[in-house]
Every structure is written in structure tokens, then in C-alpha cells.
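*Asks:* Chains as they are written, first to last, in our numbering: chain P, 1 to 116; chain H, 1001 to 1114.
Have a look at the structure that comes next, please.
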Amino acid sequence: DTGVSQNPRHKITKRGQNVTFRCDPISEHNRLYWYRQTLGQGPEFLTYFQNEAQLEKSRLLSDRFSAERPKGSFSTLEIQRTEQGDSAMYLCASSPHTGAPNAEAFFGQGTRLTVV
Amino acid sequence: GENVEQHPSTLSVQEGDSAVIKCTYSDSASNYFPWYKQELGKRPQLIIDIRSNVGEKKDQRIAVTLNKTAKHFSLHITETQPEDSAVYFCAASSGLVGANNLFFGTGTRLTVIP
Chain P
1 DTGVSQNPRH
11 KITKRGQNVT
21 FRCDPISEHN
31 RLYWYRQTLG
41 QGPEFLTYFQ
51 NEAQLEKSRL
61 LSDRFSAERP
71 KGSFSTLEIQ
81 RTEQGDSAMY
91 LCASSPHTGA
101 PNAEAFFGQG
111 TRLTVV
Chain H
1001 GENVEQHPST
1011 LSVQEGDSAV
1021 IKCTYSDSAS
1031 NYFPWYKQEL
1041 GKRPQLIIDI
1051 RSNVGEKKDQ
1061 RIAVTLNKTA
1071 KHFSLHITET
1081 QPEDSAVYFC
1091 AASSGLVGAN
1101 NLFFGTGTRL
1111 TVIP
């Protein structure tokens, strides 16, 4: 499968625990995005990487959230001290850098987080 | 920042009829408008997109129109089929530094009745 891959697909955690998700983008896509989607809503932007540089962060990304892309390939999203309000689908997307300001973003299947 | 509104939130059509979903956006700098289809439990998948240098784009049964002056764009699906049933999201992006992400609408749940 050469699409965007996310692991795990599902995560149930107790409130207060830390969780980490992984995203493997499409090979050679140098742009990587994290979005959060709650039931009945569209995806909301969290953060964006170009190669290993984190270039944009949403105000939704509180200090309990941290994302990395150390080698410009896969990325991790960590949530510390999880809260019930963090329960959502976390989607990763990647796109190639074509020189144009926008290029098609391909989404992964997401990690569904449930905080109990 | 950008604000994208989408209507209707639900839409039911008879198989073979057309479906139209409308979106408005607030940021005049937005210049890229993709539409995503998301089936239950699956990833959003791009079905069509349009850039601000064109007013209309068509791909088989799917078409998108853009009115930059009015800041609205629409998705048109003709000859609908049951497999078109899904949630459709519109989105907008300016691609400017600091705004490279997509802003999504709240989605339209389309049901095609056989």
C-alpha cells in the first residue's frame, strides 16, 4: 500500500495518560499535515511540516500536543495528559511540493482516540 | 482566518437525480478549493478541485463551479447513484506562508435513494 499510513487505527486510553500516534506519508511527499476530526464535523487543521520543519501550528494545538518529523519522513503526534475532549479522529495527510502553493493532499485512514 | 460554510448539512435525492452542495468562504486570498468524499469509517478522498484561475471544472458526473466575486463554490453531481452516498466536505486554502492548510466546511451527508 503506497498511501498514507497511520498507526494505531484505534487507541483507548485513560484520562491523564500520554498517547503517541505515527504517520507514514506517501514516499517523497515532503509536506505533512495533522488534522483532528470530531463526529459530524470537518477536519480541523492542527499542524504542518515541510520536510522536517514544523512551519505552521493551529491555536487548537495546546501545549499538551507536540508533533515531530525528525528525518522529514514519518511524523509522530503526542498528546500528554489526555482529556476527554481530546477524543477524536486524528488524520494525517501528505502532499508533494510541486512549486505551486497548493497541491492535492492525500489522507490516511486516521487514528481514532477515545479517552475514558 | 478563513471560515468555510457549507449547505445543506443533509441531502437526500432519488437515484438518477442531481445533487448540489454549496460552500462560501471568507478569505479573499483563498485560491484552491478541493472537495472530499468521506464514506463511513474511511479516509477523506479528493474527488475534484478547482483553482481560482478557472470558473468551472468537470470530471464525468462531477462538476465544481467557483464565483470568486461572491466567494462561493458549488459541487454538482449528476445522475446520482447509490454509491455516491457519503459525507462530502468542501475546503479552501490560500497556500500563503502561514496558511498552507485546508479549512473545511462542516460536511453534507448525501443519501441517494435507489
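Every residue gets a Cβ at the ideal spot worked out from N, C-alpha and C, and that includes glycine.
If you're wondering where the values come from, they're calculated on a predicted model, not measured in any experiment.
State the DSSP-derived secondary structure class of Glu1083(H), mapped to helix, strand or coil.
*Replies:* Numbered from 1 along the second sequence, position 83 holds the residue referred to as residue 1083(H). Residue state, collapsed to three classes: helix.
*Asks:* Any Cβ of chain H within less than 8 Å of the Cβ of Pro43(P)?
*Replies:* As a position in the first sequence, residue 43(P) is number 43, starting the count at 1. True, the Cβ-Cβ gap to chain H drops below 8 Å.
*Asks:* Which of the three DSSP states, helix, strand or coil, is assigned to Gln84(P)?
*Replies:* Residue 84(P) sits at position 84 when you count from the first residue of the first sequence. Three-state result, Gln84(P): helix.
*Asks:* Does Asp1049(H) have its Cβ less than 8 Å from a Cβ in chain P?
*Replies:* Translated into the one-based positions of the second sequence, residue 1049(H) becomes position 49. Yes, Asp1049(H) counts as interfacial toward chain P.
*Asks:* May I ask you to report which of helix, strand or coil DSSP gives Asn50(P)?
*Replies:* Start at 1 with the first residue of the first sequence, and residue 50(P) comes out as number 50. According to the sequence as given, residue 50(P) is Gln; it is not Asn. DSSP places Gln50(P) in strand when its eight states are reduced to three.
*Asks:* Start and end of the beta strand (DSSP E) containing Thr76(P)?
*Replies:* For the purposes of this step, residue 76(P) is taken as residue 76 along the first sequence, with counting starting at 1. Ser75 to Ile79 is the extent of the beta strand (DSSP E) around Thr76(P).
*Asks:* Which residues in the same chain as His1072(H) place their Cβ atom closer than 7 Å to its Cβ, once the five residues preceding and following it in sequence are excluded?
*Replies:* In the second sequence, the residue the question calls residue 1072(H) occupies position 72. So the list reads Lys1022, Cys1023 and Thr1024, once near-sequence residues are dropped.
*Asks:* Below 8 Å, can you find three or more Cβ-Cβ pairs linking the region 1106-1114 of chain H to the region 1044-1060 of chain H?
*Replies:* Contact fails: fewer than three Cβ-Cβ distances are below 8 Å.
*Asks:* Going by C-alpha distance, which of Leu46(P), Ala88(P), Pro96(P) and Ser62(P) is nearest Thr13(P)?
*Replies:* Within the first sequence, residue 13(P) is the residue found at index 13, counting from 1. Thr13(P) has its Cα closest to that of Ala88(P), out of Leu46(P), Ala88(P), Pro96(P) and Ser62(P).
*Asks:* Along chain H, in chain order, which residues have C-beta atoms closer than 7 Å to that of Ala105(P)?
*Replies:* By one-based count along the first sequence, residue 105(P) stands at place 105. Those within 7 Å of Ala105(P) in chain H are Leu1102.
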